[in-house]
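Position one of the sequence shown corresponds to residue 99 (this note's numbering), numbered consecutively onward. Backbone N, C-alpha and C define an ideal beta-carbon position, used for all residues, glycine too. In this text the structure is predicted, and so the values were computed from the model without any measurement. Have a look at the structure below before the remarks.
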Amino acid sequence: MNLAVGQTLSAPAQMVRPEMMHVWAKVLRDPNPIHTDAEAVRARGWGDRVINQGPSNVAYVMNLLMSEAPQARLAEIKVRFLDNVFGGEMARPAATVRSIEETAQGRRITFDITLQADGRLVLDGEAVMLAPSA
């Protein structure tokens with residue numbers, strides 16, 4: 099893994115598939131109908147498309163980090179949810195290396211993370227990965 103401070107990692111945009119929200123709702127035991135029923139979203143005045151679950155949005159960023167640094171492990175992640183992600187939108191995660199430190203546990207790599215949906219910033223935060231020393 100050859101990462102440098104300031105380097106930005108990104109993944110191709112992926113469609114947020116409404117049918118997967120049904121799967122996530124079961125896995126997360128999340129009965130909130132805004133994830134599976136567009137009428138529930140409409141009734142709240144939030145549009146006419148189902149809304150993706152927050153943990154699913156975080157997973158886009160986690161998958162990017164794990165694919166770029168498979169020998170590292172995710173040690174910390176902190177996020178802010180800034181907007182909803184709707185079914186049919188294109189989600190694009192990114193992570194920029196903020197710092198790399200050598201520690202007794204190995205390399206501590208801190209990233210500034212984001213998720214955009216159809217060009218809107220919908221999530222930001224910080225992730226820390228621990229990797230074997232170089």
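According to the neighbour-count rule (16 or more other Cβ atoms, all chains shown, within 10 Å of its Cβ), is residue i buried or exposed?
i	result
T106	exposed
T155	Correcting the residue type first, residue 155 is Asn in the shown sequence and not Thr. By the neighbour-count rule (16 or more Cβ atoms within 10 Å), N155 is buried.
T212	buried
G223	buried
R140	exposed
L180	exposed
G186	exposed
P191	buried
T208	buried
T201	exposed
Q214	buried
Whole angstroms is fine: what's the gap from residue i's alpha carbon to residue j's?
i	j	result
D216	Q112	10 angstroms
S197	A229	13 angstroms
T122	R218	Correcting the residue type first, residue 122 is Trp in the shown sequence and not Thr. The alpha-carbon atoms of W122 and R218 are separated by roughly 23 angstroms.
E174	R147	32 angstroms
G143	Q151	18 angstroms
A102	E199	11 angstroms
L126	H120	10 angstroms
P129	A138	12 angstroms
Residue i lies in the beta strand (DSSP E); which residues open and close that run?
i	result
V103	That residue, V103, is in no beta strand (DSSP E); it is neither H nor E in DSSP.
A123	No beta strand (DSSP E) contains A123, which is instead part of the alpha helix (DSSP H) from 116-125.
R218	218-229
Minimum length 3: unbroken beta strand (DSSP E) runs contained in the segment 144-208: 171-179, 188-201
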